[in-house]
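In what follows, a single structure is set out as structure tokens and then discussed.
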């Protein structure tokens, strides 16, 4: 990538001029949401929201950064409660709904300040480089030699394609989501590509971390508070993301709704959010927008270590995980851990791989460089026709739900194909599957609790297993099942294993894999499972039916296949 | 409003076999303009002048809003709103490739093809989705022996699609006072049911040749249904679909009517005639022969218990005479009656 020239490009986009369009966007969102609530439903929607908000405000404990916001919220809802107790003749319910909607819209949208964006993007590489050099000096690099952050960050895939499409329509980037670091990293990747900042929704809880908050709000983030479960808030959020797409602001959705807990590639997506892309597409076409097209671009990130892996996998393994969808307190909310993460990141031999996937249209068809949707047999798909029913272009809820479902499946399929397997993933996978061969009768929970001697394997035996799984993975990669990192393109088993074992979960207190005297063992089976899962969903597990690729499925012993 | 839209619509029917011709007549009662595509120039000329299809369904008269073409461009001229796809499964992919450039994207496609693709085992709707630049595809399937419907005997069918719009179009276009269309969304189940039943039609023909009575036939149909459910569920179908018209309904008709081609193949096989001779005499496609071989190989590999299918496969290959096949089937180990999963029943051995 020619990143030098891209760094000097003037960056303007609807988002950098956001302060000008902001009042209009927020107004449109509020009005649309109010229009969507039938007159006779206003009272019951407000009452339901009041109940849920009161519960939330009772539950939430403010900290230094959120105290003020909570206080304002309490004042708002106490007021609403008082007004709702009055007769509808005295206090107009429509006005109350407007107050609530306006407050939500204000909270969600727009902290973006183009001046600060320049500062933030300017600081980011400096900060990265400083960390990198400080860390490098400490490790192996000779004095005077500096290394650029970009050499640790591998950006692959359809970069040029994405850049071209960004000028022809609106991009909706849909990355896999493993870590809260993702959004910063992706924001930075977008900057390196010379693209204008993308808008994205980030959990309100993350804004309480001053470091994350600074970068996020200035890399285009708007806030999403998943603690607010009432329908008015959800409608505002949905209408906000639709609206900014329609304004031509490139956006990022994490379609799984949150970080993946198991470590595997996402297999289930939140279709509600994805559906807004289709809605924006239809409305763009209806309005005769000159650049109406919305392009869906899958993106995958591959890490040797994930900052929050311990919390995530524990959550996945515990029954509670199903209820506790929002983790508000994990490693990424602790300042020192974030700093330490970056430190370790740059100390590592190789960093992260980000892969820009093949762009799709809102139906999941591939899109060419001109932005045309490609149909079978060289045909071009006419989006307007696909979105016309009974001869008329427009929203058709049943049809659109099906389109979105198909798009969701396609994104899951592309995620798997665009995934990059790192040396550490293969090392974890090989070791884990080797243990499974040795203890085939164990179910997942028994397996993860095996004794240290059980999870210790003679090095030579492991080496032989690694050679076999390496061959298998390369063959699968050649068949287009996924990509592998260049470090795996070697016939030297010891070399890639060294790289993999060294880098695997470097950050964690316990070594995921550790070499002892002629043996290899794992200090943390949960983490081992987490990193092994990056190769789940492909039917590659030794005990999986190789003819069936079922992302997100479990075998009879409770392991992800 | 929607009914209005369809009553003013132009519909293309692709394939002028017996079923395609009967469907053409039904659609013509509900749409403004119906264009039937056939491959053979002479057939087209005959159909346009006599308003009937003497080769397949001679007694039926086609209404005046039907025109028959061999030129695919003429069929799609000015755009059509719906396409009824009635080609044999073997011809589907190749013909779809030819037709692809003519589609505009908003057409609703409903196929009436029972069968799967050789080698890939892909369902017809999958094949069409891979070849045609349209999204809205559905299937019509049910106990629909073309000859009976041509004579206007009461009958019913199922229209299935993931898109409700397609189902609505199908029900509107393909219903008459004597032909009732039901709605469904389990496309996988409907398509597999329509494919698999042909295997049991061959078996039913064989039983007929052996001159067994109703008990035996009932045994075949019921245990055949169990196999269909087992297989269908392994492919992602819904169990309940097999209890519907396109499942047990179609199975029952196919296994009872001596008119069906697969039934005739099974009968002649059991009488000891070699397959090549039978197929040559038949002159038309018997989907079941191919289907049986594909399914039995697949079920073997995946360990899906389908003993009847394996038996029919042996009969088709000429490995064993019908009587031996049947004897072997009757002497299988004891098994549970109701349960797709239970398989062989353990009597505490």
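Chains as they are written, first to last, in the working numbering: chain A, 57 to 617; chain B, -6 to 342.
Where is the CB? At the ideal position from N, CA and C, for every residue including glycine.
Query	Result
Roughly how far, in whole angstroms, is the beta-carbon of residue 463 of chain A from the beta-carbon of residue 418 of chain A, given that I think they are within contact range, below 8 angstroms?	6 angstroms
Within the same chain, show all residues whose beta-carbon is closer than 6 angstroms to that of residue 584 of chain A, passing over the 5 residues directly before and after it, in chain order.	484, 488, 568 and 578
Cβ closer than 7 angstroms: which chain B residues qualify as neighbours of residue 515 of chain A?	Chain B residues near residue 515 of chain A: none, gap ~38 angstroms exceeds 7 angstroms.
Evaluate the contact criterion for the stretch 80 to 99 of chain A versus the stretch 275 to 293 of chain A: three or more CB pairs, one atom per stretch, below 8 angstroms.	yes
Please name the residue in A:283, A:592, A:152 and A:309 whose C-alpha comes closest to that of residue 243 of chain A.	A:309
May I ask you to list the residues that DSSP assigns as paired with residue 29 of chain B?	B:6 and B:61
Counting only the same chain and skipping the five closest in sequence on each side, list residues whose C-beta sits under 7 angstroms from that of residue 330 of chain B.	none
How far does the alpha helix (DSSP H) with residue 575 of chain A in it reach, from first residue to last?	Unbroken run through residue 575 of chain A is the beta strand (DSSP E), 575 to 577; no alpha helix (DSSP H).
Give the interface partners of residue 435 of chain A over in chain B, defined as CB-CB distance under 9 angstroms, in chain order.	93, 94, 96, 98, 125 and 126
Under DSSP, the alpha helix (DSSP H) around residue 495 of chain A begins and ends at which residues?	It is not in any alpha helix (DSSP H) - residue 495 of chain A carries neither H nor E in the DSSP assignment.
Could you check whether residue 131 of chain B and residue 154 of chain B sit closer than 8 angstroms to each other, using their CB atoms as the reference points?	yes
What ranges does the alpha helix (DSSP H) occupy inside the stretch 494 to 560 of chain A, keeping only unbroken runs of at least 4 residues that lie completely in it?	500 to 504, 515 to 534 and 549 to 559
Can you tell me which of the three DSSP states residue 359 of chain A falls into?	coil
Ordered along the chain, which non-local residues of its own chain (more than five positions away) have a Cβ less than 7 angstroms from that of residue 553 of chain A?	483 and 522
Please confirm whether residue 305 of chain A and residue 333 of chain A have their CB atoms less than 8 angstroms apart.	no
Mind checking if residue 464 of chain A is an interface residue toward chain C, Cβ cutoff 8 angstroms exclusive?	Absent here is chain C; the protein component of the structure consists of chains A and B.
Using CA coordinates, which residue listed in B:99, B:171, B:122 and B:72 is at the minimum distance from residue 90 of chain B?	B:122
Kindly indicate which residue of A:442, A:596 and A:423 has the alpha-carbon position closest to the one of residue 221 of chain A.	A:423
If we cut at 8 angstroms on Cβ distances, does residue 238 of chain A have a partner in chain B?	no
With a threshold of 7 angstroms, establish whether the CB of residue 420 of chain A neighbours any heavy atom of the ligand ADP.	Looking for the ligand ADP in the displayed structure turns up nothing, as the structure carries no ligands at all.
Could you confirm whether any beta carbon from chain B is found closer than 8 angstroms to the beta carbon of residue 419 of chain A?	yes
Please report the residue range of the alpha helix (DSSP H) in which residue 163 of chain A lies.	149 to 164
Quick one: Cα of residue 198 of chain B to Cα of residue 48 of chain B, how far?	24 angstroms
With 16 as the cutoff for other CB atoms within 10 Å, does residue 283 of chain B come out buried or exposed?	buried
Give me the Cα-Cα distance between residue 529 of chain A and residue 324 of chain B, rounded to the nearest whole angstrom.	46 angstroms
If you measure beta-carbon to beta-carbon, which residues of the stretch 147 to 158 of chain B are closer than 8 angstroms to chain A?	155, 156, 157 and 158
Mind checking which residues open and close the beta strand (DSSP E) that includes residue 103 of chain B?	101 to 104
Which bits of chain A does residue 90 of chain B rub up against, with CB to CB less than 9 angstroms?	432 and 433
What is the DSSP secondary structure of residue 253 of chain A, reduced to helix, strand or coil?	coil
Skipping 5 residues on each side, what residues in its chain have a beta carbon closer than 8 angstroms to that of residue 564 of chain A?	361, 365, 366, 580 and 583
Taking the alpha carbon of residue 235 of chain A as the reference point, which residue from A:357, A:132 and A:558 has its own alpha carbon closest?	A:357
Can you tell me which of A:476, A:345 and A:455 puts its alpha carbon nearest to the alpha carbon of residue 409 of chain A?	A:476
Pull up the CB-CB distance for residue 221 of chain B and residue 262 of chain B, whole angstroms please, since I reckon it's below 8 angstroms.	Actually they are not in contact, since the Cβ atoms of residue 221 of chain B and residue 262 of chain B sit about 21 angstroms apart, beyond 8 angstroms.
Between residue 88 of chain A and residue 295 of chain A, how many whole angstroms is the CB-CB distance? I'm expecting something under 8 angstroms.	5 angstroms
Got a sec? Which residues, its chain only, sit under 7 angstroms from residue 25 of chain B by beta carbon, not counting five neighbours each side?	0, 1, 2, 3 and 58
Find the nearest neighbour of residue 330 of chain A within the set A:450, A:246 and A:227, judged by alpha-carbon distance.	A:227
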